[in-house]
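Report on one structure; see the data block that follows.
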Amino acid sequence: MWLLASLRLINGHNSCFGRVEILYNGIWGTVCDNGWDLSDAAAVCREMGCGDVIEAKSSAHFGQGSGPVWISDLQCSDTDSSLRGCKSSGWGRGTCGHEKDAGVICKGECKPFNNNVRLVNSTNSCYGRVEVLRAGQWGTVCDDGWDASDAAVVCRQLGCGTVLEVKNAAYFGKGSGPIWMNNINCFGNEATLMSCSYNATPNRCDHEKDAGVICGYEASSVRLVDGSSSCSGRVQVLHNGIWGTVCYNGWDLLDANVVCSELGCGEAKEVKLAEYFGKSSGQIWLTKVKCFGYESSLTECPVGEADKWGQNMCLLDMYAGVICQSETRLVSGINSCSGRVQVLYDGTWGTVCDDGWDLSEAAVVCREIGCGDAIEVKSSAYFGEGSGQIWMDNVNCSGNESALSKCEYHELELNDCNHSEDAGVICQSVMRLVEGFDDCSGRVEVLHNGKWGTVCDYKWDGSDGAVVCKEMGCGNIKVLTYGAYFGATSGQIWMGNVNCNGEEASLSTCAIQGWGTHNCFFAEHAGVICGRELKIVNSC
1 MWLLASLRLI NGHNSCFGRV EILYNGIWGT VCDNGWDLSD AAAVCREMGC
51 GDVIEAKSSA HFGQGSGPVW ISDLQCSDTD SSLRGCKSSG WGRGTCGHEK
101 DAGVICKGEC KPFNNNVRLV NSTNSCYGRV EVLRAGQWGT VCDDGWDASD
151 AAVVCRQLGC GTVLEVKNAA YFGKGSGPIW MNNINCFGNE ATLMSCSYNA
201 TPNRCDHEKD AGVICGYEAS SVRLVDGSSS CSGRVQVLHN GIWGTVCYNG
251 WDLLDANVVC SELGCGEAKE VKLAEYFGKS SGQIWLTKVK CFGYESSLTE
301 CPVGEADKWG QNMCLLDMYA GVICQSETRL VSGINSCSGR VQVLYDGTWG
351 TVCDDGWDLS EAAVVCREIG CGDAIEVKSS AYFGEGSGQI WMDNVNCSGN
401 ESALSKCEYH ELELNDCNHS EDAGVICQSV MRLVEGFDDC SGRVEVLHNG
451 KWGTVCDYKW DGSDGAVVCK EMGCGNIKVL TYGAYFGATS GQIWMGNVNC
501 NGEEASLSTC AIQGWGTHNC FFAEHAGVIC GRELKIVNSC
């Protein structure tokens, strides 16, 4: 029997799976996979408060560690609540290399990721001196090796967005008590600071070197609202988790072109000002934007410090807007990226005749609406006959155009085509599962406006998960996951309050609050494991 000082799982997507590491004599080391089985892994899961074991992993499944291989030939019983009661070969007596490092995947329990780290000595909970909780006592972090990757983990763990500034040399004042961590080395994608490599015995460090961080949210998203499609409307940007408008002072085609390009909507066709797309309440985030036209995002355009994030003089009805070239949509398909092609002309939606319709034309449509590549061309009203006008005939694209309207085409001659010849297309899938164990598990992400985003886990249930599994061709729903079970991401949350009846062919056809509208904060992601029986994990 041996005494375990500390235990952690690292290089996983959250604190309940990863490479097993133990602390002995102040040094972190790994566990050899000789004899490593489900009983040993289960003891780790129980000790970490991570519920039942799902899989015992061997052969450095979560990457090779460094430092000593502390333990080999573990022998835990099915009732051991921790590694303390397990037999082993003794400290450092094995002959393993790190290619045999043991790992584990636990089910996970409802426990917050941020209960052992905090930011103090400031007026805001998202910046301050970094403190961590160990053995019931709060202590500081030495700034040796403290960098943006380390600070990013803290910001994400606390739900505070991204790193705005890394602070050293007790910028937020000197702490007191122990200095728990030194020479932290995070990759930047860990779920918790404790999942990073670090020294637990800070040599030659005192509180004059206490680490700190300023977290926050940069405007990392843009959208168009209250237009006739997702490619027209009033411009809104996201800052500090709040959507706000852009003032039309100085707003021109160069600025509008950047927005259209960022949204995958081709080029700007018209600049719209004031209340063209209706009134809006709330914050006005930006004014006097001056884009050159080559920027990949509106947030890269020059804006004076005094003219951004609400520090401007602009009336509530002075909104910037744009109509992009993409006035194209797909209808009557199994999702928003498949269906009968419709184009908007003179305020009226109409169809496209399938004369000459091939992959080049389909590729332009898919790219224009943000659905990736064209998979199949459909003709002869495959998605049903439309009604009303047939606006385009004999469309001829090279395949590189930014919008269908940029291609050569004939305006339909009378009686030249009818709705039995309506053109259609199936584009790239609008859903994927990421960071899972295989292709049929992971965090649910959906494609909208050319950008991948997550699904809010509020009211996520078995009917919703069943639709995902069915749409992915992965059989039945086995496990619903919540929170950061499959890792946290700081990108767009596209869907909230998803309400499927379980019979839908695609998640995109289920009722939602609205694209980009949700009740979630950072790291509240819906996920699934498809397979057999239904369970619920990380449901808090």
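Read left to right, the sequence shown gives residues 1 to 540 (full-length UniProt numbering).
All C-beta atoms, glycine included, are put in the ideal place defined by N, C-alpha and C.
Note that this is a predicted model, so its numbers are computed, not measured.
In the structure shown, what three-state DSSP assignment does P112 receive? The predicted position of P112 is uncertain, since its pLDDT is 45 and thus under 50; no value can be drawn from it.
Distance cut-off 7 Å: T140 Cβ against heavy atoms of the ligand MG: The ligand content of the structure shown is nil, which means the ligand MG is not present either.
Check each candidate in V222, Y171, N189 and name the one with the smallest Cα separation from E208. Relative to the Cα of E208, the nearest Cα in the group V222, Y171, N189 belongs to Y171.
For N182, count neighbouring Cβ atoms within 10 angstroms of its own Cβ and tell me buried if that reaches 16, exposed if not. Classification of N182: buried, given that the 10 Å Cβ count is 16 or more.
Cβ of G465 less than 8 Å from any chain E Cβ? Any reference to chain E falls outside this structure, which holds one protein chain only.
Helix, strand or coil, according to DSSP, for V271 in the structure here? V271 falls in the strand class under three-state DSSP.
What's the call for S296, buried or exposed, on a 16-neighbour Cβ count within 10 Å? Looking at its Cβ environment, which holds fewer than 16 other Cβ atoms inside 10 Å, S296 is exposed.
Check whether the Cβ atoms of N120 and A41 lie closer than 8 Å to each other. The sequence shown places Val at residue 120, not Asn. When the beta-carbon positions are compared, V120 and A41 stay at least 8 Å from each other.
Which residue from C126, C314, L447, C301 puts its Cα closest to that of G244? Looking at the Cα atoms, C314 is the closest of the given residues.
Does the Cβ-Cβ distance between C96 and V69 come in under 8 Å? A contact, by the Cβ cut-off of 8 Å.
What does the alpha-carbon distance come out to for the pair D226 and H525? Distance between the alpha carbons of D226 and H525: 27 Å.
What do you reckon, are the CB atoms on E21 and S59 nearer than 8 Å? Between E21 and S59, the C-beta spacing is not below 8 Å.
On a Cα-Cα basis, can you pick out the residue from S280, K288, R223, V479 that is closest to D252? Ranking S280, K288, R223, V479 by Cα distance to D252 puts K288 first.
What does the alpha-carbon distance come out to for the pair F113 and C186? Because F113 carries a pLDDT of 48, less than 50, the predicted location of this residue cannot be relied on, and the following value inherits that uncertainty. The straight-line gap from Cα to Cα measures roughly 16 Å.
Own chain residues within Cβ distance below 6 Å of V141, not counting five before or after: The answer, listed in chain order, is V130, M181, A211.
Just how far apart, CA to CA, sit S463 and G177? Cα to Cα, S463 sits roughly 50 Å from G177.
Please list the terminal residues of the continuous beta strand (DSSP E) segment that includes C106. 103-106 is the extent of the beta strand (DSSP E) around C106.
I54: which of S338, K107, C205 sits nearest, CA to CA? Relative to the Cα of I54, the nearest Cα in the group S338, K107, C205 belongs to K107.
What ranges does the alpha helix (DSSP H) occupy inside the UniProt domain "SRCR" (431-531), keeping only unbroken runs of at least 4 residues that lie completely in it? Runs of the alpha helix (DSSP H) inside the UniProt domain "SRCR" (431-531): 462-471.
Check each candidate in K459, M392, V154, L433 and name the one with the smallest Cα separation from D416. Residue M392 is the option with its Cα nearest to D416.
6 Å Cβ shell around L447 - same chain, five flanking residues per side excluded: Once the five neighbours on either side are set aside, the close Cβ partners of L447 are V430.
Where C301 and A256 are concerned, what is the direct C-alpha to C-alpha distance, given to the nearest angstrom? Whole-angstrom Cα-Cα distance: 11 Å.
Any idea which residues DSSP pairs residue 553 with across the strands? In the structure as shown, the chain starts at 1 and stops at 540, and residue 553 therefore has no counterpart that could be examined.
Own chain residues within Cβ distance below 6 Å of S332, not counting five before or after: Once the five neighbours on either side are set aside, the close Cβ partners of S332 are G339, R340, F383, G384.
By the three-class DSSP mapping on this structure, what secondary structure does M48 have? Judged by DSSP in its simplified three-state form, M48 adopts coil rather than helix or strand.
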